[in-house]
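Accompanying notes for the structure given below.
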Amino acid sequence: MLVKTYCAAVNGLDATVVTVEVNRSRGVLFHLTGLPDSAVKESRDRINAALENNGYRFPIADITVNMAPADIRKEGSGYDLPIAIAILACDDKVNTDRLAEYMLIGELGLDGRLQPVKGALPIAIRARAEKYKGLIVPMANIREAAVVNNIAVYGMETLSEVIQFLNGGEAQPQNIDTRKIFYEQQSNFDFDFADVRGQQSVKRAMEVAAAGGHNLIMIGPPGSGKSMLAKRLPSILPPLSLSESLETTQIHSVAGKLSRDTSLISQRPFRSPHHTISQVALVGGGTNPQPGEISLAHNGVLFCDELPEFNRSVLEVLRQPLEDRKITISRAKYTIEYPCSFMFVASMNPCPCGYYGDPTHTCACTPGQIQRYMNKISGPLLDRIDIQCEIQPVPFEEISKAEPGEPSEAIRARVIAARKIQEERFKDMPKIHCNAQMTERMIHQYATPDEAGVNLLRMAMNKLNLSARAYNRILKVARTIADLDNSADVKPPHLAEAIGYRNLDRGDWAERGF
76 MLVKTYCAAV NGLDATVVTV EVNRSRGVLF HLTGLPDSAV KESRDRINAA
126 LENNGYRFPI ADITVNMAPA DIRKEGSGYD LPIAIAILAC DDKVNTDRLA
176 EYMLIGELGL DGRLQPVKGA LPIAIRARAE KYKGLIVPMA NIREAAVVNN
226 IAVYGMETLS EVIQFLNGGE AQPQNIDTRK IFYEQQSNFD FDFADVRGQQ
276 SVKRAMEVAA AGGHNLIMIG PPGSGKSMLA KRLPSILPPL SLSESLETTQ
326 IHSVAGKLSR DTSLISQRPF RSPHHTISQV ALVGGGTNPQ PGEISLAHNG
376 VLFCDELPEF NRSVLEVLRQ PLEDRKITIS RAKYTIEYPC SFMFVASMNP
426 CPCGYYGDPT HTCACTPGQI QRYMNKISGP LLDRIDIQCE IQPVPFEEIS
476 KAEPGEPSEA IRARVIAARK IQEERFKDMP KIHCNAQMTE RMIHQYATPD
526 EAGVNLLRMA MNKLNLSARA YNRILKVART IADLDNSADV KPPHLAEAIG
576 YRNLDRGDWA ERGF
């Protein structure tokens, strides 16, 4: 007897339909084919225990399980449920009438309870695209899968519930009001710029960065507030659109990072990896391909604290994703592409001891030590950071002020207004959403300065010995500053502020102080 059930294999952010074919014949062996990994091969033992603990018997017969297409590697434990149901159907314990109408995913515990699996959201999207009547998932995955409309999604707790439903029982599909959840949670931030005293110049730099989607690095001594400011950056970024939220949620679903109570990610991600992170953990990949930190930061912020402490080879792999806003992971057996359009924010000390240029502490580093410390960050990587700002510790007079600083809500309003100008500017360019993404042709079209601005740029380029990429970055940032100023043209004051954000490009760091 041959029975078929349906599930899906996740590859990158996409899912492929997998047909589980189970054939029963005379004999006592169990055969599993279709490129299964170790977790899939172990499914027989989990299924056997789950059936026994729920009042069923594993058939004493020759069972052949094939997962088609056989040339796609099957990874993970989400195939337990469709294999178990197909085996029971071969043993006449499950009615086959409904099997072709539903897709099933879920890991089986030894007691028959359904355990959560990764990638429920992209699987639900694929099930809808293939026009299945419904999708059966573990209850722990129901909130992420049920955000997909136009398909019935059923959350089940146990194997027995699934069997009862497929045998004609009734169950109510889950409906999640995604828009209500999405908009309710968009403004609930744990950190606010109202808590920050002083640091007006750095707050201005972060406002400019948020308005144009620019990369940012802060340099200053310990205790000056670099990490504190970075954690508040998401509170002034424009809210996620529904399409951005869905794409971001897909990435976190594939990585298994969604909690049971999460349906849609409604706030921009903020990822802060430790400086000991490996290349694979940062960009993604591995034996079982997973998104890295740069993809988990998609549509949000990737914050690297103490940037020179990161392994240089790890930092260099950021160069291509910062330009292309996607990462292609190529291995002998697979090629996967993940999106990674993120704001790169970094912080660092000015020298090994951290107190170079600090008015209240004496620096013990020599100019050579300072230069070697700065050289840990390559010039090409610095060129890709649009805004480079210096930060000093806040004086006691500023810290002790009773009145709070400007709240994030007020700053965010200005950022959103600037982004709306950019949306109108790039409305005919679907892949461009902010000034930081402008191509060279767009820079010449939308950020061309007047004669006075050209002279100012020429003088800055010659004096600071800036690269061609830095030239383009200055124009992009100046365009954003002009948008915040609601100016149609890029004027010399906008250029002057943008040039002031290229501090680390100067070659005399160890001599000039800051």
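In the working numbering, the protein residues as written are 76 to 589.
Virtual Cβ for every residue (Gly too), placed ideally from N, Cα, C.
Going by beta-carbon coordinates alone, are residue i and residue j separated by less than 7 Å?
i	j	result
Ala221	Leu210	no
Arg335	Ala195	no
Pro383	Lys451	yes
Leu570	Pro505	no
Val169	Ala199	no
Gly359	Lys193	no
Ser416	Arg400	yes
Leu174	Thr80	yes
Phe378	Ala286	no
Gly187	Asn129	yes
Ala125	Leu234	yes
Leu88	Pro197	yes
Val237	Ala161	no
Ile326	Pro364	no
Arg346	Glu368	yes
Asp146	Arg121	no
Val277	Thr555	no
Val565	Ala522	yes
Pro248	Ala227	yes
Gly295	Ile466	yes
Express the C-alpha separation of residue j and residue i in angstroms, rounding to a whole number.
i	j	result
Ile402	Val376	16 Å
Tyr430	Met517	41 Å
Asp380	Ser353	15 Å
Leu308	Met281	7 Å
Leu541	Ser338	46 Å
Arg101	Ile135	9 Å
Val93	Met142	6 Å
Leu317	Thr324	10 Å
Pro297	Val420	17 Å
Glu526	Arg577	21 Å
Ser422	Asn242	59 Å
Ala164	Gly244	16 Å
Asp267	Pro479	10 Å
Lys502	Val355	36 Å
Gly432	Cys438	7 Å
Leu532	Lys149	56 Å
Leu390	Tyr131	55 Å
Pro470	Gly575	23 Å
Just confirm the distance between the C-beta atoms of residue i and residue j, as a whole number of angstroms; I'd bet it's less than 8 Å.
i	j	result
Ala553	Ala573	4 Å
Glu117	Gly153	So it is not a contact: roughly 13 Å between Cβ atoms.
Met178	Cys82	6 Å
Ser320	Ile340	6 Å
Ala269	Glu481	7 Å
Arg548	Asp461	5 Å
Cys426	Tyr448	6 Å
Asn510	Gly300	The Cβ separation is near 26 Å, so there is no contact.
Would you mind sorting residue i into buried or exposed? The rule is 16 or more other CB atoms within 10 Å of its CB.
i	result
Asp558	buried
Leu104	exposed
Pro157	buried
Lys538	exposed
Ser113	exposed
Pro455	exposed
Met76	exposed
His519	exposed
Pro434	exposed
Tyr229	buried
Asp166	buried
Ile370	For clarity, residue 370 is Ser in the given sequence; the question names Ile instead. It is buried - the Cβ of Ser370 has at least 16 other Cβ atoms within 10 Å.
Leu579	buried
Pro442	exposed
The beta strand (DSSP E) with residue i in it runs from where to where?
i	result
Pro213	Gly209 to Pro213
Ile574	Per DSSP, Ile574 belongs to no beta strand (DSSP E); it is in the alpha helix (DSSP H), Pro567 to Ile574.
Leu377	Val376 to Cys379
Glu245	Premise fails: Glu245 is in no beta strand (DSSP E) and is neither H nor E.
Ala421	Met418 to Met423
Pro470	Taken as a continuous stretch (DSSP letters only), Pro470 belongs to no beta strand (DSSP E), as it is neither H nor E.
Gln463	Ile462 to Glu465
Lys193	Element bounds for Lys193: n/a, residue is neither H nor E.
Leu107	Phe105 to Thr108
Gly230	Ala227 to Met231
Asn141	Asp137 to Ala143
State the start and end residues of the unbroken alpha helix (DSSP H) segment that holds residue i.
i	result
Lys306	Lys301 to Lys306
Leu88	Element bounds for Leu88: n/a, residue is neither H nor E.
Lys278	Gln275 to Gly287
Pro396	Arg394 to Asp399
Does the ligand NAD have a heavy atom nearer than 6 Å to the CB of residue i?
i	result
His327	Judged by which ligands are present, the structure shown has none, so any question about the ligand NAD falls away.
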